[in-house]
């Protein structure tokens with residue numbers, strides 16, 4: 195995730211790298227195994243906040259709206275929430291970007307309609323585009 199790291203530094207984005215025990219605890223609490231790609235994101239960045247864009251993760255208190263443990267709770271009640279997915283960010287109007295740890299895909303998901311789109315981007319490419327508008 196070198197390109198993402200470069201953009202974080204260049205833009206002065208806020209990050210909160212997560213410790214390995216925090217990642218393991220989150221996996222246990224959510225009853226899922228994070229992909230290698232997602233673990234790398236969490237350990238290197240934890241979460242990313244730049245301007246008005248906030249990407250969920252770890253490295254902040256569990257009660258924070260940016261912590262995946264609190265952000266996922268109300269979403270799991272939505273239609274067909276993918277069991278191995280974690281929320282990346284709120285798009286608005288009940289739509290969210292999710293990261294599916296099993297498929298290693300970015301999903302666009304709605305509380306009412308379920309999964310409405312799947313992206314072919316990897317996590318780093320998605321974050322570069324969404325947070326920093328780098329294609």
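In the working numbering, the protein residues as written are 195 to 329.
No residue lacks a Cβ here, since even glycine has one placed at the ideal position from N, Cα and C.
All figures in this text were calculated on a predicted structure; none of them were measured in a lab.
Residue i classed as buried or exposed, judged by whether at least 16 other C-beta atoms fall within 10 angstroms
i: residue 245; result: exposed
i: residue 307; result: exposed
i: residue 220; result: buried
i: residue 254; result: buried
Contacts around residue i, its chain only, beta-carbon distance under 6 Å, and the 5 residues preceding and following it disregarded
i: residue 216; result: 252
i: residue 200; result: none
i: residue 284; result: 290
i: residue 312; result: 299 and 301
i: residue 276; result: 294
Other residues of its chain near residue i: CB distance less than 7 Å, five sequence neighbours each side excluded
i: residue 293; result: 232, 279, 280, 282, 300 and 317
i: residue 259; result: 265
i: residue 205; result: 244 and 326
Contact belief for residue i with residue j at Cβ below 8 Å, rounded distance in angstroms
i: residue 223; j: residue 263; result: 6 Å
Closest by C-alpha distance to residue i, when choosing among the options
i: residue 237; options: 195, 296 and 285; result: 195
i: residue 296; options: 329, 205 and 229; result: 229
i: residue 202; options: 276, 247, 315 and 305; result: 247
i: residue 304; options: 254, 267, 257 and 288; result: 288
i: residue 249; options: 226, 225 and 198; result: 198
Other residues of its chain near residue i: CB distance less than 8 Å, five sequence neighbours each side excluded
i: residue 256; result: 263 and 264
Counting beta carbon pairs with one atom in the stretch 195-211 and one in the stretch 266-276, are three or more of them shorter than 8 Å? no
Flag this pair as touching only if the stretch 309-327 and the stretch 228-245 have three or more C-beta atom pairs under 8 Å; answer yes or no. yes
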